[in-house]
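The listed protein sequences correspond, in order, to chains A and B. Just so we're aligned: 197 in numbering that gives the first Met the number 0 is position 198 of the first sequence, and the numbers increase by one with no gaps anywhere. Just so we're aligned: 69 in numbering that gives the first Met the number 0 is position 70 of the second sequence, and the numbers increase by one with no gaps anywhere. Take a look at the structure below.
Protein chains: 2
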Amino acid sequence: MNTQHETPDILITGGTLLTMAPPGEIVEDPVIGIRNGKIDFIEKGKIPAGHYGAVREIVDASGCIVMPGLVNVHAHLAMTCFRGLADDLPLMTWLNDHIFPAEARFINRRSVYAGAMLAIAEMILSGTTTFCDGYFFEGEVGRAAIAAGMRGVIAQGFIDLPVLDQSGHSEKTAIAKRFVKRWRDRSPLITPALFCHSPYTCSPETLRIVKDVARRYGVTFQIHLSETREEIRMIRERHGKKPVQHLHDLDLLDQNTIAAHCIWLDDEELDLLAAGRVKVAHDPESNMKLGAGVAPVPGMLRRGIDVGLGTDGCASNNNLDLFGEMGMAAKLHKVFSGNPTVLTAERVVEMATIGGARVLGMADRIGSIVPGKEADIILVDMRKPHLTPLYHPFSHLVYAAGGADVVMSIIGGRIVMKDRRLLQMDLAAVMEAVRRIATRVKSG
Amino acid sequence: MNTQHETPDILITGGTLLTMAPPGEIVEDPVIGIRNGKIDFIEKGKIPAGHYGAVREIVDASGCIVMPGLVNVHAHLAMTCFRGLADDLPLMTWLNDHIFPAEARFINRRSVYAGAMLAIAEMILSGTTTFCDGYFFEGEVGRAAIAAGMRGVIAQGFIDLPVLDQSGHSEKTAIAKRFVKRWRDRSPLITPALFCHSPYTCSPETLRIVKDVARRYGVTFQIHLSETREEIRMIRERHGKKPVQHLHDLDLLDQNTIAAHCIWLDDEELDLLAAGRVKVAHDPESNMKLGAGVAPVPGMLRRGIDVGLGTDGCASNNNLDLFGEMGMAAKLHKVFSGNPTVLTAERVVEMATIGGARVLGMADRIGSIVPGKEADIILVDMRKPHLTPLYHPFSHLVYAAGGADVVMSIIGGRIVMKDRRLLQMDLAAVMEAVRRIATRVKSG
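The structure is reproduced here in structure tokens:
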């Protein structure tokens with residue numbers, strides 16, 4: 000045991016640590032030192048806390064699971080404004096008759112900031128410490144994240160509909176460049192990226208322009224892909240091929256492309272994604288609620304494709320709780336394959352932590368509890384009736400726990416939530432701002 | 000408005016009332032009077048509380064949904080002792096290699112009482128006010144429910160395995176009669192019933208004996224039915240027919256039979272269940288986690304079959320939160336049918352309340368908020384980030400809320416949970432009792 004440490008800022012003692020490095024590792028009664036925002040050391044056994052000097056904050060994690068903060072690899076934060084506005088509808092009806100019109104009327108800088116802040120509140124309270132957002136007026140999402148102390152990948156959106164914050168093809172390169180340059184060194188919490196809505200709402204030219212900028216600046220390119228059978232039909236009509244082939248032929252598939260949904264894929268398309276080292280964002284609750292379909296996740300994992308978990312926008316989910324997505328992913332693939340061994344609890348926790356970090360290209364910085372990495376850590380209180388008794392920590396996280404069981408969230412070494420209270424924002428004001436927007440939406 | 004009331008014991012004012020009579024009815028700012036354990040009156044509008052005299056307790060439901068307590072139509076409470084003991088396994092392996100052996104060694108009066116009490120704590124905290132349990136040493140479940148102020152249907156279990164609390168066929172009639180007679184007038188909270196484990200673990204003789212007693216005393220007869228393809232195969236081998244036909248030929252199908260799971264049914268079997276007015280307990284999370292399959296719920300509802308929601312035992316789920324089952328039912332049938340309109344949020348809330356009451360034959364007493372019915376009422380706090388904004392109450396209950404959002408549970412006019420604190424039990428002691436059992440299970 001090495002005890003030659005500088006005095007940590009925060010010391011977490013006790014509980015059950017899941018390092019996720021390697022996945023499956025369980026350390027009972029750890030002592031974790033956090034210094035300058037990073038994980039400084041991990042020791043084992045019960046050590047008198049005074050041993051480490053004048054620590055600013057000592058966190059007693061007795062009875063808790065200590066684990067990496069969850070990574071939400073696909074979301075549209077500002078859609079909190081439309082949470083539950085329209086349900087129980089087919090995706091295209093939901094999108095064309097409800098969501099796109101509501102976005103056209105009510106989405107602006109102000110509502111994106113307000114909606115993003117509410118989403119961040121919800122995510123922190125349910126154990127997510129890194130999100131990946133794709134939307135419009137994306138700078139507002141970055142501003143909200145910095146204000147709240149949240150880590151995020153913010154992907155400026157592009158769509159060929161004349162309703163949002165860009166007008167013509169000619170401006171797209173400039174907008175994309177400006178966005179990446181403005182955000183790439185702004186804050187250690189923020190990573191810029193670019194997002195094209197889908198192959199059916201973006202022209203080949205738009206897709207190529209945006210991916211070109213992403214490549215030039217080394218940021219991720221994100222896109223909804225093969226979400227519905229309707230999309231497959233549209234792309235076939237327009238381009239005579241399947242969506243993955245379409246993107247492949249446009250040279251969009253590489254290790255910095257994150258494809259969300261990826262439901263209607265055949266083996267050939269799965270092979271193309273694997274060969275391109277494309278990353279996949281799996282959003283089971285959204286896919287189920289919209290009746291979109293079931294992504295072939297076991298087939299992706301067999302091919303070594305990196306798969307993370309996302310909530311999607313919470314107009315199609317309708318919350319941002321990754322614990323729900325973990326349980327859903329584990330159960331959905333069991334029943335859909337008829338094989339209850341197809342996706343274990345441990346594998347699902349991996350998808351929601353270090354797996355998600357790999358999807359975002361951030362596995363060197365987040366996703367596991369390892370000295371040198373960012374101190375993005377959550378505590379889940381196991382002393383609850385629904386988490387009693389405790390045989391296997393991974394099982395409880397996936398099959399029994401919920402976001403409401405998270406009692407502390409630390410992001411970059413800063414405690415942003417403690418005992419279910421958010422420390423970096425005025426929650427009542429955050430909720431009220433979105434309620435005011437909803438009042439306008441309701442009155443049409 | 001009728002204001003000629005006796006002074007109520009409890010007055011609930013404000014909030015948004017979902018009466019479920021009819022389903023879909025929404026009353027803003029209700030005033031609900033509770034007297035002698037029953038709902039006495041419902042009025043509308045903001046009325047000064049003093050108007051009703053010296054009320055013992057006035058509950059301010061501002062910002063909350065007020066609704067009937069949830070009805071869990073299929074559970075095995077004592078299995079909390081084995082929560083998370085064995086996951087990610089096929090049903091028959093899980094049952095034969097893990098659960099049956101653990102039950103044989105560790106299930107006794109003491110563990111059933113301890114496990115049931117923990118289950119009741121969890122259920123009350125997540126908004127369930129009536130459970131339907133089928134297990135062994137069932138009297139202990141009744142004792143726990145009475146001690147905790149919980150409403151329950153307790154169904155004494157029968158199984159032809161030499162491991163549990165009865166030994167031979169000859170004793171079954173006596174055991175069943177004694178159980179029903181002992182419990183039928185014991186407490187207004189308790190309704191006795193009888194439970195045969197399944198067509199593959201109970202002989203035709205056992206099934207007939209138990210159903211005969213149930214008929215004679217007018218109590219429900221419960222059974223697991225058509226849960227796995229393996230069961231279908233076994234029944235075909237032994238009896239040359241499908242399980243539903245087997246039960247039909249034994250004259251077991253009537254309106255007082257509750258069949259749990261009902262996954263592998265063809266149209267003919269669905270018609271048999273409908274013709275017999277058999278009730279169905281749908282347990283989506285358990286069915287998914289065990290990879291058992293997807294019950295044809297839309298087909299049941301089209302035939303007018305009463306379907307309620309159950310959690311199943313929490314060794315196969317792994318919690319008892321009916322909010323999770325509501326969200327799961329809504330999403331599972333959408334994705335499985337490819338039709339997002341197949342099961343609406345409102346319909347799912349109906350299944351979890353008045354629909355569940357119909358399944359248990361208790362719709363005259365519970366399941367909706369109507370004068371004269373038992374005062375089984377919960378409050379769900381909507382002033383949370385993940386429930387903001389609020390467009391449609393039913394949507395939030397099914398797609399965004401969780402059991403942890405329930406802030407008050409009233410059963411038979413008694414407040415059993417307030418502000419997330421259980422008022423009728425020592426929760427720490429209840430959890431510790433099950434932890435001690437788990438320690439023995441772990442050490443084998």
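From the three backbone atoms N, C-alpha and C, an ideal C-beta is built for every residue, glycine too.
Proximity test, Cβ basis, 8 angstroms: residue i and chain B
i	result
Thr343 of chain A	yes
Glu121 of chain A	yes
Met287 of chain A	yes
Arg150 of chain A	no
Asn318 of chain A	yes
Leu426 of chain A	yes
Met361 of chain A	no
Asn338 of chain A	yes
Ser394 of chain A	yes
Met91 of chain A	no
Lys417 of chain A	no
Arg185 of chain A	no
Met446 of chain A	Here chain A comprises residues numbered 0 to 443, so residue 446 of chain A is not present and cannot be evaluated.
Tyr51 of chain A	no
C-beta neighbour in chain A for residue i, strict 8 angstroms
i	result
Gly412 of chain B	no
Asp87 of chain B	yes
Arg82 of chain B	yes
Thr256 of chain B	no
Thr129 of chain B	no
Arg237 of chain B	no
Leu331 of chain B	yes
Leu422 of chain B	no
Cβ-Cβ separation, residue j to residue i (assumed contact under 8 angstroms), whole Å
i	j	result
Val348 of chain A	Met325 of chain A	7 angstroms
Leu16 of chain A	Ile409 of chain A	In fact, because the Cβ distance is near 13 angstroms, the residues do not count as touching under 8 angstroms.
Gly411 of chain B	Val70 of chain B	That belief does not hold up - the Cβ atoms of Gly411 of chain B and Val70 of chain B are roughly 14 angstroms apart, past 8 angstroms.
Leu321 of chain B	Ala351 of chain B	6 angstroms
Tyr390 of chain B	Leu84 of chain A	5 angstroms
Ala120 of chain B	Met424 of chain B	6 angstroms
Gly68 of chain A	Gly14 of chain A	The Cβ separation is near 15 angstroms, so there is no contact.
Asp87 of chain A	Pro339 of chain B	6 angstroms
Sequence-distant residues of its chain with Cβ nearer than 7 angstroms to residue i (five each side left out)
i	result
Thr200 of chain B	Ile158, Asp159, Leu160
Leu264 of chain A	Ser225, Val243, Pro295
Leu269 of chain A	Pro295, Gly298, Met299, Arg302
His332 of chain B	Val296, Pro297, Val341, Leu342
Pro370 of chain A	Ile38, Asp39, Phe40, Ile41
Glu139 of chain B	Arg108, Val111, Tyr112, Ala115
Glu373 of chain A	Gly36, Lys37, Arg364, Ile365, Gly411
Glu289 of chain A	A small fix is needed here, since residue 289 of chain A is Leu in this sequence, not Glu. So the qualifying residues of the chain are Leu90, Trp93, Ser315.
8 angstroms Cβ shell around residue i - same chain, five flanking residues per side excluded
i	result
Ile234 of chain A	Pro198, Tyr199, Lys240, Lys241, Pro242, His245
Ala399 of chain B	His385, Leu386
Glu56 of chain A	Asp8, Ile9, Leu10, Ile414
Test item: CB-CB of residue i and residue j under 8 angstroms
i	j	result
Ile64 of chain A	Leu396 of chain A	yes
Ala280 of chain B	Val72 of chain B	yes
Gly292 of chain B	Val334 of chain A	yes
Ala175 of chain B	Leu193 of chain B	yes
Gly133 of chain A	Gln221 of chain A	yes
Ser125 of chain A	Val406 of chain A	no
Contacting residues, own chain, Cβ-Cβ under 6 angstroms from residue i (five flanking each side not counted)
i	result
Asp250 of chain A	none
Arg434 of chain B	none
Gly312 of chain A	His75, Met78
Leu163 of chain A	Residue placement at Leu163 of chain A is poorly supported in this model, since its pLDDT is 49, which falls under 50; the coordinates still yield a value, given next. Excluding sequence neighbours, Leu163 of chain A sits near Phe135.
Ile46 of chain A	Val30
His478 of chain B	Residue 478 of chain B lies beyond the range of chain B shown here (0 to 443); nothing can be said about it.
Glu137 of chain A	Ile153, Gln155
Ser285 of chain B	Asp311, Ser315, Asn316
Where residue i meets chain E, residues with beta-carbon distance less than 7 angstroms
i	result
Gly401 of chain A	Included in the structure are the protein chains A and B, with no chain E among them.
Exercise. Along the stretch 55-72 of chain A, what residues have a CB closer than 8 angstroms to any CB found in chain B?
Worked result: none
For this session: Please list the residues of the stretch 213-232 of chain A that have a C-beta atom closer than 7 angstroms to any C-beta atom in chain B, keeping them in chain order.
Result: none
For this session: With 7 angstroms as the C-beta to C-beta threshold (strictly closer), list the residues of the stretch 275-305 of chain A near chain B in chain order.
Result: Glu284, Asn286, Met287, Lys288, Leu289, Gly290, Gly292, Val293
Problem set entry | Members of the stretch 102-119 of chain A near chain B, C-beta cut-off 7 angstroms | Leu117
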